[in-house]
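Please read the structure below before turning to the comments.
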Amino acid sequence: MKKLIYILSFFLLVPLGLKAQYAPQFNQYYFNPILVNPAYAGTRGMLSMVGVHRSQWVGFNGAPTTQSFAIHSPSRRKNMGFGFQMMNDRLGPKNTIAASGIYSYKIRAGRGKLGFGLRASIYNYTFDWSKIDYRESGGYALNEGRESYWTPSFDFGMYYNDKYNYIGMELSHLNHGRIGVQADNVNIESTVRQNAQMILVGGRAFKINRNLVFKPSTLIRLAIDQPAFFDLNASFFINNRLWLGASYRRGYGVVFVSEYHIDKSLRVGYSYDIATTTLRQGNSGSHEVFIGYDVNILRSRMVSPRYF
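Next up, the structure:
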């Protein structure tokens with residue numbers, strides 16, 4: 096069992112006409128929309144920094160671990176946003192590092208603002224085939240060395256929000272970045288692609304009373320030749336301090352999330368998810384933590400509490 100992820104990685108990454116590349120997932124995107132939409136950059140009205148660490152399927156050797164850091168801020172006139180994002184993701188023999196620049200432009204729309212965003216990224220994929228125990232995969236060795244590939248990626252997003260509603264769309268990997276992976280021993284080479292996908296998000300905050308807000312939300316992920324993926328989320332904001340919520344993830348399981356506002360600038364969060372499928376066997380679930388900090392560098396009026 097402890098080599099299971101290596102074996103899975105073997106079948107995910109070998110050159111057998113594969114088109115889609117594994118994409119890291121996060122649970123707390125609806126607390127940190129910058130993770131799934133570049134148009135969110137600058138929306139908080141302050142310099143905002145968010146760091147996230149995720150350990151997935153704890154107990155599997157070679158299971159995914161992901162770290163992400165994002166910083167973004169509005170312009171002085173608040174009609175533009177700028178950001179920078181770093182991501183490190185490890186899955187078995189594969190390690191991915193990405194650096195991204197983000198730009199957004201916002202216009203007034205009804206009671207809120209509509210933003211358009213671009214994310215330009217450079218990805219480095221490193222495959223260390225020596226980490227795979229081929230004896231557990233039938234003794235079929237594709238490669239025993241290290242391979243490294245660079246590819247650019249471009250994303251486009253739209254994001255609307257007012258005080259109580261938000262809706263957004265991201266189109267990611269629009270250029271279908273290509274990564275060559277070669278199996279020298281059988282003289283076969285194929286291309287793994289960053290599959291273009293669409294991510295739709297939306298939610299609404301219902302103020303039940305001065306100390307309680309209910310926020311249902313959803314995320315839908317669509318990609319060519321892949322089944323639709325969606326989350327259904329429900330969370331409560333208690334005493335303008337604490338978010339508590341749960342999600343159902345189609346084809347996977349359930350997620351429990353929390354976020355605590357220490358003050359108007361600092362917030363921390365934790366989430367736990369567990370599979371209800373056969374993936375549950377041999378692992379103790381997935382853990383995710385984040386810390387966010389806002390700095391009012393423009394000395395503008397702060398919106399508090401914020402629901403999005």
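Residue numbers (the numbering used here): 96 to 403. Think of the CB as a built atom: it goes at the ideal place given N, C-alpha and C, for glycine as much as any other residue.
Closest to residue i by C-alpha separation, out of the options, would be which residue?
i: residue 210; options: 354, 386, 132, 123; result: 132
i: residue 366; options: 372, 349, 335; result: 349
i: residue 353; options: 310, 174, 190; result: 310
i: residue 312; options: 402, 208, 190; result: 402
i: residue 200; options: 218, 227, 177; result: 177
i: residue 383; options: 124, 360, 140, 149; result: 149
i: residue 328; options: 319, 321, 322, 315; result: 315
i: residue 346; options: 318, 125, 324; result: 324
i: residue 182; options: 125, 120, 227; result: 120
i: residue 130; options: 166, 157, 273; result: 166
i: residue 274; options: 293, 227, 242, 364; result: 242
Measure the CB-CB distance between residue i and residue j and report whether it falls below 9 Å.
i: residue 258; j: residue 204; result: no
i: residue 155; j: residue 387; result: no
i: residue 213; j: residue 184; result: no
i: residue 196; j: residue 216; result: yes
i: residue 368; j: residue 344; result: yes
i: residue 351; j: residue 123; result: no
i: residue 295; j: residue 317; result: yes
i: residue 405; j: residue 187; result: Lying outside 96 to 403, the shown extent of the chain, residue 405 is not represented and no answer is given.
To the nearest angstrom, how far is the alpha carbon of residue i from that of residue j?
i: residue 138; j: residue 357; result: 21 Å
i: residue 362; j: residue 338; result: 11 Å
i: residue 194; j: residue 240; result: 25 Å
i: residue 254; j: residue 134; result: 6 Å
i: residue 202; j: residue 174; result: 7 Å
i: residue 411; j: residue 164; result: The question about residue 411 has no answer here: the residues shown for the chain are numbered 96 through 403.
i: residue 151; j: residue 374; result: 11 Å
i: residue 245; j: residue 288; result: 12 Å
i: residue 50; j: residue 342; result: This structure cannot speak to residue 50, because the chain is shown only from 96 to 403.
i: residue 304; j: residue 198; result: 37 Å
i: residue 282; j: residue 381; result: Any reading at residue 282 must be qualified, since the residue scores a pLDDT of 46, below 50, and its modelled position is unreliable; the value itself is stated next. Each residue's Cα considered, the two are about 38 Å apart.
i: residue 189; j: residue 221; result: 6 Å
i: residue 108; j: residue 290; result: For residue 108, the pLDDT reaches just 43, beneath the cut-off of 50, and the residue's location in the model is therefore unreliable, although a value from the coordinates is still provided. Distance between the alpha carbons of residue 108 and residue 290 is about 14 Å.
i: residue 116; j: residue 153; result: Only weak support is given to the placement of residue 116: the predicted model assigns it a pLDDT of 47, under 50, and the value that follows is read from those uncertain coordinates. Spanning the two alpha carbons is a distance of roughly 22 Å.
i: residue 207; j: residue 256; result: 5 Å
i: residue 326; j: residue 223; result: 33 Å
i: residue 396; j: residue 191; result: 39 Å
i: residue 390; j: residue 320; result: 43 Å
i: residue 126; j: residue 180; result: 16 Å
i: residue 400; j: residue 141; result: 14 Å
i: residue 248; j: residue 306; result: 43 Å
i: residue 219; j: residue 272; result: 11 Å
i: residue 308; j: residue 298; result: 13 Å
Taking 9 Å as the CB-CB limit, is residue i close to chain D?
i: residue 140; result: Of the chains in the structure shown, none is chain D; there is only one protein chain.
Residue i: beta carbon under 8 Å from a heavy atom of the ligand SAM?
i: residue 244; result: With respect to the ligand SAM, the structure shown offers nothing to examine, as it has no ligands at all.
Could you tell me whether the segment 145-152 touches the segment 255-273, using the rule of 3 or more Cβ pairs below 8 Å?
With a cut-off of 8 Å, the segment 255-273 and the segment 145-152 do not count as touching, because too few Cβ pairs lie within range.
Ignoring anything shorter than 4 residues or poking outside the segment 240-304, list the alpha helix (DSSP H) runs there in chain order.
Within the segment 240-304, not a single complete alpha helix (DSSP H) segment reaches 4 residues in length.
Given 8 Å as the limit, is there contact between the segment 167-187 and the segment 323-336, that is, 3 or more CB pairs closer than that?
At 8 Å Cβ cutoff, the stretches do not touch.
Give, in chain order, every unbroken run of the alpha helix (DSSP H) that is at least 4 residues long and sits entirely within the segment 129-178.
You should have found no qualifying run.
Mind listing, in chain order, the continuous beta strand (DSSP E) runs of no fewer than 3 residues lying wholly within the segment 314-374?
With a minimum length of 3 residues, the continuous beta strand (DSSP E) runs that stay inside the segment 314-374 are 324-333, 337-344, 348-356, 361-370.
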